[in-house]
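Participant: Taking this note's numbering, I'd label the letters of the sequence shown as residues 35 to 206.
We treat Cβ as the ideally placed atom computed from N, Cα and C, and that holds for glycine.
The structure displayed is predicted, hence computed values, not measured ones.
After the structure tokens below, expect a handful of questions from me.
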Amino acid sequence: KKNKQHTQLQHHRRVHTGEKPCKCDLCGKGFSRKARHTVHQTLPTGEKLYTCEVCGRGFTQKSHLRIHWRVHTGEKPYKCDVCGKAFSVNERLVVHWRVHTGEKPYKCDVCGKAFSVNERLVVHWRVHTGEKPYKCDVCGKAFSVNERLVVHWRVLLERNHINVMYVARPLV
Numbered sequence: 035k036k037n038k039q040h041t042q043l044q045h046h047r048r049v050h051t052g053e054k055p056c057k058c059d060l061c062g063k064g065f066s067r068k069a070r071h072t073v074h075q076t077l078p079t080g081e082k083l084y085t086c087e088v089c090g091r092g093f094t095q096k097s098h099l100r101i102h103w104r105v106h107t108g109e110k111p112y113k114c115d116v117c118g119k120a121f122s123v124n125e126r127l128v129v130h131w132r133v134h135t136g137e138k139p140y141k142c143d144v145c146g147k148a149f150s151v152n153e154r155l156v157v158h159w160r161v162h163t164g165e166k167p168y169k170c171d172v173c174g175k176a177f178s179v180n181e182r183l184v185v186h187w188r189v190l191l192e193r194n195h196i197n198v199m200y201v202a203r204p205l206v
């Protein structure tokens, strides 16, 4: 029993640290629990077994479809005790909680700047690497974040360098 509690505590800590020690050898995706890694590996690459009846989006696990369903129902069962903000997924509440605690578990190895969300650290890392993955198809100018590419397109649109139909396409 004590061993089980220790394992559960380890899993819970990973919610806060973002640690995902179980990595898929094929796609590199990380998992906080071995069981989730095992489920991921048993499915053929890209196979979606569960489909949303409303929008047609596919999912590899039934639990993911149930969580997605909240997009359509508006259900937000996870509520912040401090400010009352509600979330459809517990992980978003955990990240939100850091607004109140000031916790920033993701730290840059180069400059020491810390972030509350891993994705912000990934974007920040581009300051050091110079990586600019978002490229304008019109002029070739590259940007480190997608939002800057969108602003760039708006400027081109205002200056009549591109037409509205070009910008109206979905941005990645």
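1) Starting from Ser-97, trace the alpha helix (DSSP H) in both directions and tell me its first and last residue.
2) Can you tell me where the alpha helix (DSSP H) with Val-172 in it begins and where it stops?
3) Give the straight-line distance between the Cα atoms of Val-201 and Arg-188, rounded to the nearest whole angstrom.
4) So what's Lys-68 in DSSP terms, helix, strand or just coil?
5) Taking all protein chains shown into account, do 16 or more other C-beta atoms lie within 10 angstroms of the C-beta of Leu-43, making it buried, or fewer, making it exposed?
6) How long is the line joining the alpha carbons of Val-161 and Gly-174, rounded to whole angstroms?
7) Residues in its own chain within less than 6 Å of Tyr-168 by CB, not counting five upstream and five downstream?
Facilitator: Put simply:
1) Residue numbering aside, residue 97 sits at position 63 when the sequence shown is read from its first letter. Residues 96-107.
2) Position 138 of the sequence shown, counted from the first residue, corresponds to residue 172. Careful: Val-172 lies outside any alpha helix (DSSP H) and carries neither H nor E.
3) As a first step, residue 201 must be located in the sequence shown, where it is residue number 167. As a first step, residue 188 must be located in the sequence shown, where it is residue number 154. Because the pLDDT at Val-201 is just 49, under 50, the model does not fix this residue reliably, and the point stays unresolved.
4) For the purposes of this step, residue 68 is identified with residue 34 of the sequence shown, where counting begins at 1. Helix.
5) Within the sequence shown, numbered from 1, the residue matching residue 43 stands at position 9. With fewer than 16 other Cβ atoms within 10 Å, it is exposed.
6) Along the sequence shown, read from residue 1 onward, the residue named residue 161 stands at position 127. Along the sequence shown, read from residue 1 onward, the residue named residue 174 stands at position 140. Rounded to the nearest angstrom, the two C-alpha atoms are 19 Å apart.
7) As a first step, residue 168 must be located in the sequence shown, where it is residue number 134. Result list for Tyr-168: Phe-177, Asn-180 and Leu-183, in chain order.
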